[in-house]
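Structure first, commentary second.
Number of protein chains: 2
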Amino acid sequence: MSQVEQQLEDLKEEITSELPSDISVSDVKYEGPELVVYTRDPKKFARNGDLIRKLASQLRKRITVRPDPDVLSRPDDAREEIMDVVPEEAGVTDLDFHADTGEVVVEAEKPGMVIGKHGSTLREITQQVGWTPEVVRTPPIESSTVSNVRNFLKQEREERRTILEKVGRQIHREEMSDEEWVRITTLGCCREVGRASFILSTPETRILIDCGDKPGSDDVPYLQVEEALGAGPSTIDAVVLTHAHLDHSALIPLLFKYGYDGPIYTTEPTRDLMGLLQLDYLDVAAKEGRTPPYDSEMVREAIKHTIPLEYGDVTDIAPDVKLTFHNAGHILGSAVSHFHIGDGLYNVAFSGDIHYTDTRLFNGAVNDFPRVETLVLESTYGGRNDYQTDQEDSERHLKKVINETYEEGGKVVIPSFAVGRSQEMMLVLEEAMRSGDIPTMPVHLDGMIWEATAIHTTYPEYLRDELRDRIFHEDENPFLAPQFNHIDGGEEERQDVADGDQCIVLSTSGMVTGGPIMSWLEHLGSDPDNTMVFVGYQAQGTLGRRIQNGWDEIPLNGRSRGKTLSLNMDVETVDGFSGHADRQGLMNFVKTMNPRPEKVLCVHGDESATQDLSSSLYHEHNIRTFAPKNLETFRFK
Amino acid sequence: MSQVEQQLEDLKEEITSELPSDISVSDVKYEGPELVVYTRDPKKFARNGDLIRKLASQLRKRITVRPDPDVLSRPDDAREEIMDVVPEEAGVTDLDFHADTGEVVVEAEKPGMVIGKHGSTLREITQQVGWTPEVVRTPPIESSTVSNVRNFLKQEREERRTILEKVGRQIHREEMSDEEWVRITTLGCCREVGRASFILSTPETRILIDCGDKPGSDDVPYLQVEEALGAGPSTIDAVVLTHAHLDHSALIPLLFKYGYDGPIYTTEPTRDLMGLLQLDYLDVAAKEGRTPPYDSEMVREAIKHTIPLEYGDVTDIAPDVKLTFHNAGHILGSAVSHFHIGDGLYNVAFSGDIHYTDTRLFNGAVNDFPRVETLVLESTYGGRNDYQTDQEDSERHLKKVINETYEEGGKVVIPSFAVGRSQEMMLVLEEAMRSGDIPTMPVHLDGMIWEATAIHTTYPEYLRDELRDRIFHEDENPFLAPQFNHIDGGEEERQDVADGDQCIVLSTSGMVTGGPIMSWLEHLGSDPDNTMVFVGYQAQGTLGRRIQNGWDEIPLNGRSRGKTLSLNMDVETVDGFSGHADRQGLMNFVKTMNPRPEKVLCVHGDESATQDLSSSLYHEHNIRTFAPKNLETFRFK
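The listed protein sequences derive, respectively, from chains H and X.
Be aware that the first sequence starts at 5, since it is given in my numbering, and climbs by one per residue.
Be aware that the second sequence starts at 5, since it is given in my numbering, and climbs by one per residue.
Below is the structure:
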């Protein structure tokens with residue numbers, strides 16, 4: 005009997021002895037970080053609402069109870085009973101029964117009403133039918149990403165269970181080493197922005213954190229060095245992804261091409277956004293005639309191996325490592341990743357990309373942990389002069405530009421990144437229209453923005469408190485406001501918009517490097533009454549930056565290749581909508597951190613930004629700070 | 005044609021065009037770092053004394069010329085002619101002809117007389133016979149180590165040529181990477197003394213520097229981690245050994261057990277001493293009932309793969325790395341190892357163990373380099389109070405103790421390490437007797453001391469200038485002084501010595517942890533007229549330390565197991581004979597370094613010693629200093 009078999013045998017015995025004698029345990033299994041308890045008495049289990057919580061706290065494990073397949077009622081009967089238990093307002097749109105695990109997936113417009121207060125409705129379902137319900141939200145805006153991911157996972161359910169069981173055994177393997185150390189190796193994003201990638205290692209475990217590309221460059225993380233994947237992909241136990249942006253996620257599918265077959269831990273929205281952005285990454289590469297480093301099959305592998313975690317869940321991901329995600333405030337699902345290593349040995353937090361203060365979309369980043377000795381901190385705006393305009397001033401500026409354009413009968417075009425910036429803009433515009441600060445007019449969303457917004461509406465629990473409350477309690481979802489229009493009719497629709505009344509267009513790409521924004525330039529660029537507003541950073545070498553700098557002869561591509569567009573529209577720049585904490589935000593993140601870390605590694609910023617931030621944190625708080633280079637290894641214990 | 009073949013083809017063409025038209029080139033080959041040029045006209049080559057030097061400087065390669073085997077004269081004829089050319093006083097003891105390479109190894113008591121002024125006699129030999137002479141010294145004291153190594157290498161000559169050719173191709177391979185970086189990874193001896201081991205790496209090359217054990221502990225270097233041998237032994241291009249002590253060399257044979265089959269670069273005396281000490285390491289393990297990690301076959305593999313370099317030779321050991329050894333003053337053959345990386349990209353020096361000032365045996369360590377950006381510095385005595393007694397005072401103290409013991413009719417027993425300390429003692433005693441400071445009396449050498457001394461006498465060019473001159477020019481070899489007696493008659497001889505007149509005994513082990521010193525304790529320990537003198541560091545937990553601390557009841561082992569010895573002899577400690585620089589020496593090494601390094605890594609000392617030294621060097625010279633932990637990686641470019 006293997007050591008894990010023995011462990012499960014012992015757990016089964018312990019659980020049996022803890023349970024009332026009329027509740028039987030037929031099997032105990034690991035599935036990823038969860039301990040799954042199969043019982044022939046699921047209804048009795050459910051009746052005793054506190055049992056699972058007590059077991060979990062005693063065994064210090066995440067526990068799921070499932071019915072033994074033998075005792076399941078027929079799905080058709082169960083379906084009826086479930087619809088009886090769940091209030092009609094919950095808006096159940098689908099019930100999906102999985103006899104192999106005794107789970108029923110309930111898709112509903114209002115998942116909260118399927119769950120009930122403290123899970124009371126869920127328990128009632130099990131008491132009635134024995135099946136274990138799992139609830140997912142019906143996207144209020146149809147999202148092909150969300151439905152593709154869900155369908156794919158349904159289809160791969162069996163292989164996924166095999167994966168989860170294997171991962172579960174890995175997580176709960178016996179510790180082999182009697183040494184203790186904790187190390188971080190930098191594989192990218194040090195003294196640069198882009199290709200984020202780190203290895204966190206102990207004698208027992210090696211975790212890869214992020215694996216991104218570098219926009220505007222072919223540089224990738226140093227995966228080939230011995231301490232990365234040089235000794236083979238199986239030397240990595242787990243991958244943790246802090247958020248979906250490509251400079252953190254683009255090369256994760258490549259790991260599977262190399263033969264990695266372990267878990268990816270991330271949040272559920274990050275999983276979906278990651279899929280969306282990676283497929284778009286492949287599309288763009290194909291359009292630009294480049295051979296991408298992997299194909300879409302590998303994106304699916306990545307999704308299949310993803311184990312989603314919620315903010316605040318303390319999760320065993322290795323015998324000596326517990327991972328907890330916390331809101332990072334940067335984009336949907338972005339996570340500050342906290343690692344507790346050993347039994348109180350050491351704690352490391354990776355900030356990922358953060359926004360310290362609240363934005364319209366998200367709460368500010370969490371910086372409150374039970375313990376943190378070392379913080380790995382992004383430094384995008386860590387330079388001594390990287391202060392950003394206050395959001396209120398920014399919004400005032402934006403509204404002024406919109407109003408002026410409106411009065412002249414013009415249209416406003418905002419190039420915008422699909423994920424994050426666009427949804428923030430939507431909230432700003434919806435609020436401004438609702439309060440009458442700007443006239444209510446159509447806001448056209450072009451490119452991937454609509455799809456990204458649909459994903460946002462699928463996961464409202466990841467949004468800012470006030471926004472979430474508004475969606476949940478007041479049933480007022482600003483993303484569903486009628487003025488938002490999805491451009492899904494191609495050039496014809498764009499022509500109609502261009503020929504019509506005043507409006508606002510939000511379109512990708514955010515740096516005017518391709519995508520539908522190029523069409524909008526053609527349609528609206530020559531009219532001096534129109535205004536182009538930049539709300540995001542325009543990198544060196546992009547057309548966006550050139551337009552900002554005053555270029556007014558734009559070479560055209562595609563069907564207008566060879567022609568030149570004379571740009572007569574106004575060009576404005578409104579700062580302050582960044583998804584990143586500015587210099588003050590980064591300083592405050594550390595200053596108000598509880599507890600204060602002993603060491604800070606300043607990464608994900610150019611050389612001067614990381615060094616400025618490192619030096620200021622050292623002088624202000626007298627903590628040991630570093631501005632690492634790529635390819636260094638720091639040992640902390 | 006492979007890239008190296010093409011390179012050799014080009015070199016052959018270039019050399020042919022450079023040579024006078026009557027000198028033919030029949031082949032050009034790499035053997036390790038050397039370029040070997042085969043010619044059908046060796047005599048003409050030799051007549052033109054400057055040709056090789058010119059070629060070497062033009063091609064920037066080390067060049068050896070050998071005769072094409074077709075044109076060789078018969079060994080019997082050659083032998084006679086060689087004996088005619090070489091003066092009789094050279095004391096030729098052996099001539100060994102190797103028709104495969106056209107080399108003749110000349111073993112002589114006075115190699116200098118075989119070489120002649122600026123190599124004139126060597127050239128004359130070739131002019132006469134065509135063969136290429138290689139000269140080695142006949143050990144003035146017979147050394148089984150030296151003769152075993154020489155015989156073994158003779159026997160493995162063919163395989164060794166294969167190895168050298170393979171290494172040569174590796175060294176001269178085309179560079180693959182267009183990135184540039186230089187890194188040092190610490191695998192041992194950080195914040196501790198023992199298990200010295202580092203990896204120096206570039207995108208192109210990975211070099212392991214030292215691989216030792218940790219005395220008094222089972223700890224070994226972290227060879228198993230991914231960035232060491234985790235991705236396989238073939239990820240290491242070369243091993244460099246700074247000196248033979250086991251805390252630097254013990255685990256080198258283990259590399260070959262793991263499958264390493266690349267070169268070891270070290271000095272010739274280090275190769276021989278390494279063999280001696282590694283075999284002793286296996287013996288001691290066997291005697292103590294431990295299973296050693298490798299067997300003697302692996303020691304032979306290590307010797308077979310050793311490429312000896314001389315101090316000052318700048319040697320290509322990889323496409324982007326040149327290695328130069330410099331005297332380190334610590335033990336015979338010990339080397340400060342200087343790495344020049346890239347074409348002027350970066351320079352790193354590893355001090356190994358050093359003695360900064362001259363001792364009787366060795367010149368002080370070299371600290372003069374064309375360039376050094378980073379120095380990796382030993383810190384054994386780097387603590388703020390680690391000052392040692394001046395050698396003159398130490399010698400005065402020692403002589404006083406000897407004289408006092410002599411007057412009381414007693415004998416002096418000095419526990420001593422076989423390599424280094426013993427030979428220093430021999431020089432002190434010989435000088436003191438010659439000058440009349442102490443009476444001339446027998447000095448008995450027991451344990452491995454005699455053998456280690458024999459190795460010293462084989463390589464006088466590695467000794468201190470004055471000592472070397474005395475041996476070469478005045479024909480006065482102090483190690484051959486008649487009062488030195490090799491105890492080779494076992495217990496019987498020891499009994500005779502114990503029963504005889506006053507004398508001095510130098511015996512291993514240096515910390516009284518076993519070996520013949522245990523016998524001497526039994527023979528001489530109970531007599532209060534005798535004196536035991538400690539001249540070296542006695543580690544915690546050793547019997548030596550206990551005796552120093554006043555223990556006078558010594559439990560016996562071996563044939564006297566169970567009995568106890570009452571120690572009545574005097575016990576004295578004379579400091580100041582260390583092979584390590586003391587605090588002042590280490591500070592001076594850096595202070596007088598030319599040029600001053602930008603960064604210093606303080607290693608090979610306990611935590612406080614490395615931190616004290618690091619902090620003092622920083623404050624005194626304002627250079628960046630570190631006291632690394634094991635398992636860290638520093639990037640310098």
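Idealized CB from N, CA, C, for every residue including glycine.
Quiz item: What residue ranges within the stretch 534–563 of chain H form continuous alpha helix (DSSP H) runs of no fewer than 4 residues, ordered along the chain?
Solution: 547–552
Practice problem: Report the option in H:MET437, H:ALA543, H:ILE418 and H:HIS460 whose CA atom is closest to the CA atom of HIS448 of chain H. | Solution: Position 444 of the first sequence, counting from 1, holds the residue named residue 448 of chain H. Looking at the Cα atoms, H:ILE418 is the closest of the given residues.
Quiz item: So, does the CB of LYS633 of chain X fall closer than 8 Å to a CB anywhere in chain H?
Solution: Numbered from its first residue, the second sequence carries residue 633 of chain X at position 629. Answer yes: the Cβ-Cβ gap between LYS633 of chain X and chain H drops below 8 Å somewhere.
Quiz item: Of all the residues that make up the stretch 223–251 of chain H, which are near chain X by a beta-carbon distance shorter than 7 Å?
Solution: GLU230, GLU231, GLY234, ALA235 and THR239
Quiz item: How would you write the range of the alpha helix (DSSP H) that ARG164 of chain X sits in, first residue to last?
Solution: Along the second sequence, one-based indexing puts residue 164 of chain X at 160. Its alpha helix (DSSP H) spans residues 161–175.
Quiz item: How many angstroms separate the CA atom of ASN553 of chain X from the CA atom of ARG565 of chain X?
Solution: Your numbering for residue 553 of chain X matches position 549 in the second sequence. Your numbering for residue 565 of chain X matches position 561 in the second sequence. Those two C-alpha atoms are separated by around 23 Å.
Self-check item: CB contact check: THR637 of chain H to chain X, cutoff 8 Å
Solution: Counted from its first residue, the first sequence places residue 637 of chain H at position 633. Closer than 8 Å to some Cβ of chain X, the Cβ of THR637 of chain H qualifies, so yes.
Exercise. With distances taken Cα to Cα, identify the nearest neighbour of LEU259 of chain X among X:ASP214, X:ASN626 and X:SER28.
Key: Counting from one through the second sequence, the residue named residue 259 of chain X turns up at place 255. Nearest option by C-alpha distance: X:ASP214.
Quiz item: Taking Cβ positions only, does ARG154 of chain H come closer than 8 Å to chain X?
Solution: Taking the first residue of the first sequence as position 1, residue 154 of chain H is located at position 150. Not closer than 8 Å to any Cβ of chain X, the Cβ of ARG154 of chain H fails to qualify, so no.
Quiz item: LYS308 of chain X to HIS252 of chain X, Cα distance in whole Å?
Solution: Taking the second sequence and counting its residues from 1, the one referred to as residue 308 of chain X is at position 304. Taking the second sequence and counting its residues from 1, the one referred to as residue 252 of chain X is at position 248. About 19 Å.
Quiz item: Applying the criterion that 16 or more other CB atoms from any shown protein chain within 10 Å of the CB defines a buried residue, is ASN367 of chain X buried or exposed?
Solution: Indexing the second sequence from 1 puts residue 367 of chain X at position 363. ASN367 of chain X comes out buried.
Quiz item: Would ARG195 of chain X count as contacting chain H if we go by Cβ distances under 8 Å?
Solution: Start at 1 with the first residue of the second sequence, and residue 195 of chain X comes out as number 191. Chain H, which has no Cβ nearer than 8 Å to the Cβ of ARG195 of chain X, makes this no.
Self-check item: Buried or exposed (CB count within 10 angstroms, at least 16 for buried), ALA103 of chain X
Solution: In the second sequence, residue 103 of chain X corresponds to position 99, counting from 1. So ALA103 of chain X counts as exposed.
Quiz prompt | Segment limits, alpha helix (DSSP H) that includes ASP476 of chain H | solution = One-based indexing of the first sequence puts residue 476 of chain H at position 472. Correcting the residue type first, residue 476 of chain H is Phe in the shown sequence and not Asp. PHE476 of chain H -> alpha helix (DSSP H) spans 469–477.
Self-check item: Nearest candidate by alpha-carbon position, reference PRO374 of chain X, set X:GLU84, X:GLN392 and X:ARG600
Solution: Here the question's residue 374 of chain X lines up with position 370 in the second sequence. Among X:GLU84, X:GLN392 and X:ARG600, the Cα nearest to that of PRO374 of chain X is on X:ARG600.
Practice problem: Please state if the CB of ILE86 of chain H and the CB of VAL69 of chain H are separated by a distance shorter than 8 Å. | Solution: On the first sequence, residue 69 of chain H is found 65 positions in, with the first residue counted as 1. On the first sequence, residue 86 of chain H is found 82 positions in, with the first residue counted as 1. Not in contact: VAL69 of chain H and ILE86 of chain H (Cβ atoms no closer than 8 Å).
Quiz prompt | Where LEU255 of chain H sits in the DSSP three-state scheme | solution = Counting from 1 along the first sequence, the entry for residue 255 of chain H is found at position 251. In the three-state reduction of the DSSP assignment, LEU255 of chain H falls in the coil class.
Exercise. Return yes when the Cβ of LEU471 of chain H is within less than 8 Å of the Cβ of PRO144 of chain H, no when it is not.
Key: Counted from its first residue, the first sequence places residue 144 of chain H at position 140. Counted from its first residue, the first sequence places residue 471 of chain H at position 467. Result no, Cβ atoms of PRO144 of chain H and LEU471 of chain H do not sit closer than 8 Å.
Quiz item: Would a C-beta distance cut-off of 8 Å place GLY293 of chain H and PHE421 of chain H closer than the cut-off?
Solution: By 1-based counting over the first sequence, the position of residue 293 of chain H is 289. By 1-based counting over the first sequence, the position of residue 421 of chain H is 417. No, Cβ-Cβ distance for GLY293 of chain H and PHE421 of chain H is not below 8 Å.
Quiz item: Are the C-beta atoms of ARG187 of chain X and some chain H residue less than 8 Å apart?
Solution: Start at 1 with the first residue of the second sequence, and residue 187 of chain X comes out as number 183. So yes, ARG187 of chain X belongs to the interface.
Quiz item: Taking just the CA atoms, how far does LEU528 of chain X sit from ALA502 of chain X?
Solution: Looking up residue 502 of chain X in the second sequence gives position 498. Looking up residue 528 of chain X in the second sequence gives position 524. Rounded to the nearest angstrom, the two C-alpha atoms are 7 Å apart.
Exercise. Note down the Cα distance separating ALA543 of chain X from PRO273 of chain X, rounded to an integer number of angstroms.
Key: In the second sequence, counting from the first residue as 1, residue 543 of chain X sits at position 539. In the second sequence, counting from the first residue as 1, residue 273 of chain X sits at position 269. Their Cα atoms are separated by approximately 27 Å.
Self-check item: Which listed residue (H:PRO46, H:GLU92 and H:PRO91) has its alpha carbon closest to that of SER77 of chain H
Solution: Position 73 of the first sequence, counted from the start, is the residue given in the question as residue 77 of chain H. Checked all of H:PRO46, H:GLU92 and H:PRO91; the closest Cα to SER77 of chain H is H:PRO46.
Practice problem: For SER30 of chain X, decide whether its Cβ has a neighbour in chain A, counting only Cβ atoms nearer than 8 Å. | Solution: The displayed structure is made up of protein chains H and X, and chain A is not among them.
Quiz prompt | Among X:CYS507, X:PHE476, X:ASP479 and X:ASP473, nearest to PHE488 of chain X - alpha-carbon criterion | solution = Walking along the second sequence from the start, residue 488 of chain X turns up at place 484. The candidate whose alpha carbon is nearest that of PHE488 of chain X is X:CYS507.
Quiz prompt | Local Cβ density within 10 Å of PRO443 of chain X, reported as buried at 16 or more and exposed below that | solution = For this step, residue 443 of chain X is matched to residue 439 along the second sequence. PRO443 of chain X is exposed by the Cβ-count criterion.
Practice problem: Could you tell me which residues DSSP pairs with LEU327 of chain X in its beta bridges? | Solution: The count along the second sequence starts at 1 and reaches residue 327 of chain X at position 323. DSSP lists X:THR319 and X:PHE343 as partners of LEU327 of chain X.
Quiz prompt | Local conformation of THR97 of chain X per DSSP, three classes | solution = Taking the second sequence and counting its residues from 1, the one referred to as residue 97 of chain X is at position 93. Here THR97 of chain X sits in strand by DSSP.
Quiz item: DSSP three-state call for ALA82 of chain X: helix, strand or coil?
Solution: For the purposes of this step, residue 82 of chain X is taken as residue 78 along the second sequence, with counting starting at 1. Helix at ALA82 of chain X.
Self-check item: Rounded straight-line distance, which links the Cα of ASP357 of chain H to that of HIS249 of chain H
Solution: Here residue 249 of chain H corresponds to residue number 245 of the first sequence, with the count starting at 1. Here residue 357 of chain H corresponds to residue number 353 of the first sequence, with the count starting at 1. Those two C-alpha atoms are separated by around 10 Å.
Exercise. Could you tell me how far apart the beta carbons of LYS3 of chain H and ASP26 of chain H are, in whole angstroms, since I believe they sit closer than 8 Å?
Key: Residue 3 of chain H lies beyond the range of chain H shown here (5 to 641); nothing can be said about it.
Quiz item: Who are the Cβ neighbours of TYR350 of chain X in its own chain at under 7 Å, not counting the five residues just before and after it?
Solution: In the second sequence, counting from the first residue as 1, residue 350 of chain X sits at position 346. Result list for TYR350 of chain X: VAL186, GLU377, PHE640 and LYS641, in chain order.
Quiz item: Which residues does DSSP pair with ASP574 of chain X in a beta bridge?
Solution: Position 570 of the second sequence, counting from 1, holds the residue named residue 574 of chain X. Paired residues: X:THR535.
Quiz item: Name the DSSP bridge partner or partners of ASN592 of chain H?
Solution: Indexing the first sequence from 1 puts residue 592 of chain H at position 588. Bridge partners of ASN592 of chain H: none, in fact.
Quiz item: Taking three-plus beta-carbon pairs below 8 Å as touching, is the stretch 628–637 of chain X in contact with the stretch 401–408 of chain X?
Solution: no
Quiz item: Helix or strand or just coil, what does DSSP make of ASP372 of chain H?
Solution: As a working mapping, residue 372 of chain H is identified with position 368 in the first sequence. ASP372 of chain H falls in the strand class under three-state DSSP.
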